[in-house]
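Q: Take this structure, written in structure tokens, and hold onto it; I'll ask about it next.
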Amino acid sequence: MGDKIKIGVSACLLGHKVRFDGGHKHDRFITDTLGQHMDFFPVCPEVEVGFPVPRESLRLVGNPENPRLKTTKTDEDHTEGMLNWAHTRVRELEKEKLCGFIFKSKSPSSGMERVKVYSEKGMPQKIGVGIFARAFMDHFPLIPVEEEGRLHDPKLRENFIESIFALKKWRETTEKDQSLGSLVDFHTRQKLLLLSHSPVHYRNMGKLVAEGKKYSRDELFSRYETQLLETLKLKTTLKKNINVLQHILGYFKTQLSADEKQEVLEIIGQYRIGNVPLIVPITLLNHFVRKYQEPYLMKQTYLNPHPVDLKLRNHV
Ligand code: SF4
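Quick note: to get our numbering, add 248 to the position in the sequence shown (first position is 1).
Following this line, the structure appears as structure tokens:
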């Protein structure tokens, strides 16, 4: 892995004092843990659009699909200004090549989901999306996105970070070499990762790569990128991981003794009933991959998708 991964983050989560009350919402997991592997590109829609700090708070009002952004007490409507700024800003962000975005939850500007939208009578419903977050997700529909609160869920966290690392690898590959050979090599390395997200997409992507000569290079890479990001959006599950672990075990038919195979099966069984996290069978299988130098498995991203110090597979 080369440079750090660049992701966008709502500026208040990085500790910037940009909130309506002059404070911040510094998230230590983002800055202290993810910060060891990622560079952050801060965005504060409300400050960038021209609001002062401190300022009157804002809220979404009206139709949840197309809400107005209004000040809470004085009822001033700032929708057009925010929409115009957001649509310009997302186009500018193309050049930053962000591999993901972490949004501040609940914010009428930055919240990704379940943001309160008030009826004209003042009743809130948690069904809205912040105006900048919506513009970002419409413009970059496949880039991995999450909110800081949802990152406390180990499964969502692992999925999000795994997707970011996979996208970074893909970008590094395409920047270096857009040959069919480099696509085949990339795809070969990701096979088990893809299988852990979606067996159907895994098969479709294999077919796409096998028929790669049918397409122009641009079309092939563009189709592959879309399918890759769509696959990564589908969450891994216990069942899908067990399928991949058993698939890996199949590569050791001749090398492992009956006792060693039994040990792996027992550990997979312990993972199945929730007694051990995913990292346990993965560590055992990695031990055999190294011991027997199994060439196909040694390449597999699935066995080492992100830095161990993030401990992402210790809780899933
Ligand atoms: S939630 Fe968004 S708009 Fe509000 S302070 Fe944070 S970054 Fe700025």
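The beta carbon of each residue, even a glycine, is placed where N, CA and C say it ideally should be.
Does the pairing of the region 394 to 410 with the region 549 to 561 give three or more beta-carbon distances under 8 Å?
A: Short answer: they touch.
Q: Sorted by chain position, which residues of the same chain lie with C-beta nearer than 8 Å to L441's C-beta, five sequence neighbours on each side aside?
A: So the list reads E410, A414, Q548, T549, Y550 and P553, once near-sequence residues are dropped.
Q: Between P447 and N489, what straight-line distance do the alpha-carbon atoms span, to the nearest angstrom?
A: Between P447 and N489, the C-alpha separation is close to 11 Å.
Q: Quick one: any contact between the region 270 to 278 and the region 331 to 346, if contact means 3 or more CB pairs under 8 Å?
A: In short, these stretches do not touch, since the Cβ pair count stays below three.
Q: I'd like the span of the beta strand (DSSP E) that includes I350, first residue to last.
A: Segment F349 to F351, the beta strand (DSSP E) holding I350.
Q: Nearest to R382 by alpha carbon, out of V301, K354 and R267?
A: The residue with the shortest Cα to Cα distance from R382 is K354.
Q: At what residues does the beta strand (DSSP E) containing V257 begin and finish?
A: Element bounds for V257: I253 to S258.
Q: Under 6 Å: does the beta carbon of S355 sit that close to some heavy atom of the ligand SAM?
A: In terms of ligand content, the structure shown lacks the ligand SAM and carries the ligand SF4 instead.
Q: If you draw a straight line from the C-alpha of R303 to the C-alpha of K254, how long is it?
A: C-alpha separation (whole angstroms): 30 Å.
Q: Nearest-angstrom Cα distance between I477 and F288?
A: Note that residue 477 is Leu in the sequence shown here, rather than Ile. The alpha-carbon atoms of L477 and F288 are separated by roughly 21 Å.
Q: Quick test of the definition: if touching needs 3 or more C-beta pairs under 8 Å, does the region 499 to 512 touch the region 469 to 476?
A: Output reads no: the region 469 to 476 does not touch the region 499 to 512.
Q: Confirm the yes/no value for this check: CB of E294, any heavy atom of the ligand SF4, distance under 6 Å.
A: Yes; taking the cut-off as 6 Å, the Cβ of E294 has a heavy atom of the ligand SF4 nearer than that.
Q: Quick one: is H449 buried, meaning 16 or more other Cβ sit within 10 Å of its Cβ, or exposed?
A: Buried, by the Cβ-count rule.
Q: Provide the residue span of the alpha helix (DSSP H) that contains M360, from first to last.
A: Careful: M360 lies outside any alpha helix (DSSP H) and carries neither H nor E.
Q: So does A259 have its beta carbon nearer than 6 Å to some heavy atom of the ligand SF4?
A: The answer is yes for A259.
Q: Is H400 buried or exposed, if buried means 16 or more other CB atoms sit within 10 Å of its CB?
A: Result: exposed.
Q: Could you give the residue range of the alpha helix (DSSP H) that holds E342?
A: Unbroken run through E342: none, as it is neither H nor E.
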